[in-house]
Amino acid sequence: MGETENHHHPPPPQAAAPPAAPPNLALSRGPTWTPAEQLHQLQYCIHSNPSWPQALLLAFQHYIVNLGTTVLIASNIVPLMGGTHGDKARVIQVLLFMSGINTLLQTLIGSRLPTVMGASIAYTLPLFSIVNDYNDEDFASPHDRFVHSMRTIQGSMIVSSFLNIILGYGRAWGELTRFFSPIVVVPVVCLVGLGLFSRGFPLLGNCVEIGLPMLILLMICQQYLKRIHSRAHLILERFALLLCIGIVWAFAAILTVSGAYNNVKPATKQSCRTDRSFLMSSAPWIKIPYPFQWGTPIFRASHVFGMLGAALVSSAESTGTFFAAARLSGATAPPAHVLSRSIGLQGIGMLLEGLFGSLVGTTASVENVGLLGLTHIGSRRVVQISTAFMIFFSIFGKFGAFFASIPLPIFAAIYCILLGIVAASGITFIQFANSNSMRNIYVLGVSLFLGLSIPQYFVTSRTFDGHGPVRTNAVWFNDILNTIFSSPATVAIIVGTLLDNTLEANHVEDRGIPWWKPFQHSKGDVRTEEFYSYPLRINEYLPSRFL
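Here the sequence shown is numbered in this note's numbering, starting from 1397 and rising by one per residue.
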C-alpha cells in the first residue's frame, strides 16, 4: 500500500534525559585542604636553628616547663616516705640531673626528636606499695625510712630497666607499632594530652587567684597582643610564657608578703604562698649526684614486678608523645626502628636512674612537646641546650631551688594550654584515613571513651594509701594491672590496636595504610634518613639492629 499525504509514522520515542547531577556544595562553600605530612607554619623545624640568644631563652623555657612536673612528683611522694625538706631538694636535684642526661641521649642517639625526658607520674603506684610496706616497719627515724625506701626504689628500677632494653633493642616494640595505623595513633596521641587533665584546672583550682590570671594572661599575650606590631609578634609568640610567669610569680610574692594568706587553710598556703616549698633554705649550694648516693640498692621481687608495669606504661606514653613531637617539629612519623631504639635507650636511662638514685623513671615530657606547638619552634638544638640548664641547676642547688619555688598553680595554668595542643595534634592524624567510615568512627569513639573512662575508674577507686581496684593476695600483680589500666594512652593502645586489626575494613585505604606503611621501614621514605639518622655518621659503625 502506498503512503498518502495524510498518513505519517509516529515519531520515534526519545530517551529520557539523565537527571542533573546535584551541585557540589562543598566547592561553593570554600576550599578543601589536602593532607599535609609536615606542618608548614613552623618557624623552625627539627633541624633548623634560631639564633643563639633566642635558642638560649627558648631552652630556658623548656627547663621551666619541665620543672613543674618534677616538683609536683617530689612534693607529693617524698613526705609520704618520711623525707625532710632537704631530702625533697636532693630528690629534685637528682630528677633534674637525670632528665638532662636522658634528654641529651635521646636527642643524640635515641628518637632524635626534640623531646625532653621528664619525670613520669606512672611510677607513683609502685612507689605507694613501697611506702605502705615500710610504714609497717620500725625505723630509728623517718629519715631512715626514707633512705630505706629510696634504696628499694633503686633496686626495683635497676632490674625493671632491662624490660625496656630488651623490648627496644630486641625490636619487639617496633614490631608492635607495625600494627598501628592513623586510626590507632589518633586516640593514643589525644589521650597522651587529655589523660593528664588532672594537672590542669583541678590543680589550678587550688589557688584560683594565681592560676586563673596566669591562664588568661598567657592566652592574651601569646595570641592577641602579638598582633599589635611585627616586633611584638616575634617576641610574644616565642617568649610570652617567660614574661607571664614573671608577672604572675611577682604577683604571688606580693600577696604572700602582704599577709593575704596568713589566715587561710594549710592546703591553700601550700598552693599559693611562694615561701612554702622550703627549697631555698634546705637545698645545698653545690651537690653533684653520684651513683648509689642513698646506699646499696635493695632488691625485692614484689616491688620489682610492680615497677615492671610502670616501665611498660612509660614506654607506651613515650610512644604517643614521640608521634606528637614529630608532628609539631615538622618531621615525618617516626619509623618502627626509631621507636624501638628510643624505647631501648629509655631502658638504659632507667638503669642510670636506678644507679643514681632517682625517685621515678623518665618518659617523654608531654608538656614540653606542647611548648613546640605554642612557640612554633621545633628545633632539636633548643632542646639539647635545655639539658645544660637542667644539669647546671641540679648541681647548683640554691639557684635551682629559686625557680622550683614557683607555685604549682602557675604550672597548672601553663599545662592547660600545652596539653591541649598535644591532644589537638593527635586529631590531625585522622586526615590520612577515611574520617567518613563508620567502621573508623566506631574504633575512634570506643578507643577514646574507654581510654578516658577505664583509667578514671581505676583512679577514683584508688584508696588514700594507693591501693587500686585490683586487690588480690599478690601485691605485685595488683601493681602491674592497676598501673597499666590507670594510663589513658596505654588503654588506648590496647583497645585501638585490637579493634583496628580485627574489624574488617571495606578498603585498606580507609585505615590509612597506604600512607602509614612507608614509615614503618628505614628506607620507606626519603625523609626518614634526614630526620632520624644518627649524627656524625655513627650509623656506619653500629650493627643494623641498633639503627
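Virtual Cβ for every residue (Gly too), placed ideally from N, Cα, C.
A quick note: this is a predicted structure, and the numbers were derived from the prediction, not measured.
Beta-carbon proximity of residue i to residue j, cut-off 7 Å
| i | j | result |
| --- | --- | --- |
| Ala-1885 | Ala-1712 | yes |
| Val-1461 | Glu-1763 | yes |
| Ile-1612 | Cys-1668 | no |
| Val-1440 | Pro-1446 | Per the sequence shown, the amino acid found at residue 1440 is Tyr instead of Val. In contact: Tyr-1440 and Pro-1446 (Cβ atoms closer than 7 Å). |
| Gly-1564 | Ser-1736 | yes |
| Ser-1821 | Ala-1720 | yes |
| Ser-1507 | Phe-1674 | no |
| Ser-1725 | Gly-1774 | yes |
| Met-1676 | Ala-1515 | no |
Alpha-carbon spacing of residue i relative to residue j, whole angstroms
| i | j | result |
| --- | --- | --- |
| Cys-1839 | Ala-1809 | The amino acid at residue 1839 is misidentified as Cys; the sequence shows Val. For Val-1839 and Ala-1809, the distance between alpha carbons rounds to 32 Å. |
| Phe-1597 | Ser-1678 | 30 Å |
| Asp-1921 | Arg-1723 | 16 Å |
| Ile-1684 | Phe-1575 | 44 Å |
| Gly-1766 | Thr-1511 | 10 Å |
| Arg-1858 | Gly-1864 | 4 Å |
| Ile-1817 | Ser-1577 | 21 Å |
| Arg-1696 | Gly-1743 | 19 Å |
| Ser-1537 | Asn-1869 | 30 Å |
| Phe-1792 | Ser-1495 | 15 Å |
| Leu-1747 | Asp-1875 | 20 Å |
| Phe-1860 | Phe-1524 | 10 Å |
| Ala-1568 | Ile-1562 | 8 Å |
| Gly-1750 | Thr-1480 | 21 Å |
| Arg-1835 | Arg-1907 | 9 Å |
| Gly-1892 | Pro-1730 | 19 Å |
| Leu-1491 | Gly-1642 | 24 Å |
| Phe-1535 | Ser-1754 | 22 Å |
| Ser-1929 | Gly-1862 | 42 Å |
| Thr-1573 | Val-1709 | 15 Å |
| His-1629 | Thr-1670 | 31 Å |
| Asp-1529 | Ile-1813 | 38 Å |
| Thr-1430 | Lys-1913 | 19 Å |
| Leu-1932 | Ala-1727 | 20 Å |
| Val-1584 | Ile-1549 | 29 Å |
| Ile-1850 | Leu-1521 | 16 Å |
| Val-1543 | Phe-1752 | 13 Å |
| Gly-1464 | Lys-1622 | 26 Å |
| Gly-1745 | Ser-1557 | 8 Å |
Reference residue i; option with closest CA among the options
| i | options | result |
| --- | --- | --- |
| Ala-1485 | Phe-1576, Ser-1714, Thr-1759 and Trp-1681 | Trp-1681 |
| Asn-1830 | Tyr-1565, Gln-1619, Gln-1742 and Val-1904 | Val-1904 |
| Val-1700 | Phe-1647, Arg-1567 and Val-1871 | Val-1871 |
| Ile-1526 | Thr-1924, Met-1703 and Ser-1594 | Met-1703 |
| Trp-1645 | Pro-1910, Ile-1802, Val-1474 and Leu-1452 | Ile-1802 |
| Ser-1956 | His-1481, Leu-1621 and Gly-1716 | A query on residue 1956 cannot be resolved here, the shown segment of the chain reaching from 1397 to 1943 and no further. |
| Glu-1633 | Pro-1609, Ile-1694, Leu-1600 and Leu-1770 | Leu-1770 |
| Leu-1500 | Val-1660, Ala-1784 and Phe-1854 | Ala-1784 |
| Thr-1466 | Cys-1812, Phe-1789 and Leu-1932 | Phe-1789 |
| Phe-1456 | Leu-1637, Arg-1672, Cys-1812 and Thr-1520 | Leu-1637 |
| Ile-1880 | Leu-1895, Glu-1900, Pro-1805 and Gln-1852 | Gln-1852 |
| Ile-1694 | Tyr-1686, Arg-1541, Met-1615 and Lys-1919 | Arg-1541 |
| Pro-1805 | Phe-1688, Pro-1609 and Ala-1451 | Pro-1609 |
| Cys-1586 | Trp-1911, Ala-1819 and Lys-1665 | Ala-1819 |
| Ile-1909 | Asn-1897, Ala-1451 and Ala-1656 | Asn-1897 |
| Cys-1603 | Ser-1626, Gln-1437, Pro-1662 and Ile-1787 | Pro-1662 |
| Ile-1505 | Ser-1545, Arg-1776, Phe-1795 and Phe-1873 | Arg-1776 |
| Phe-1688 | Leu-1614, Thr-1503 and Arg-1547 | Arg-1547 |
| Leu-1768 | Ala-1432, Gln-1434 and Leu-1438 | Leu-1438 |
| Gly-1691 | Phe-1873, Val-1756, Gly-1551 and Asn-1658 | Gly-1551 |
Which of helix, strand or coil DSSP assigns to residue i
| i | result |
| --- | --- |
| Phe-1927 | helix |
| Thr-1824 | helix |
| Gly-1892 | helix |
| Thr-1511 | coil |
| Arg-1867 | coil |
| Leu-1423 | Low confidence applies to Leu-1423: its pLDDT is 49, below 50, so where it sits in the model is not reliable, and the reading given next is rough at best. Correct three-state label for Leu-1423: helix. |
| Gln-1434 | coil |
| Val-1669 | Inspection of the sequence shows that residue 1669 is occupied by Arg rather than by Val. If DSSP states are grouped into helix, strand and coil, Arg-1669 belongs with coil. |
| Leu-1932 | helix |
| Ala-1727 | coil |
| Glu-1533 | coil |
| Ser-1883 | coil |
| Gly-1478 | coil |
| Lys-1913 | helix |
| Tyr-1565 | helix |
| Gln-1450 | helix |
| Ile-1694 | coil |
Bridge partners - residue i, DSSP secondary structure assignment
| i | result |
| --- | --- |
| Ile-1773 | Tyr-1440 |
| Ala-1760 | Met-1513 |
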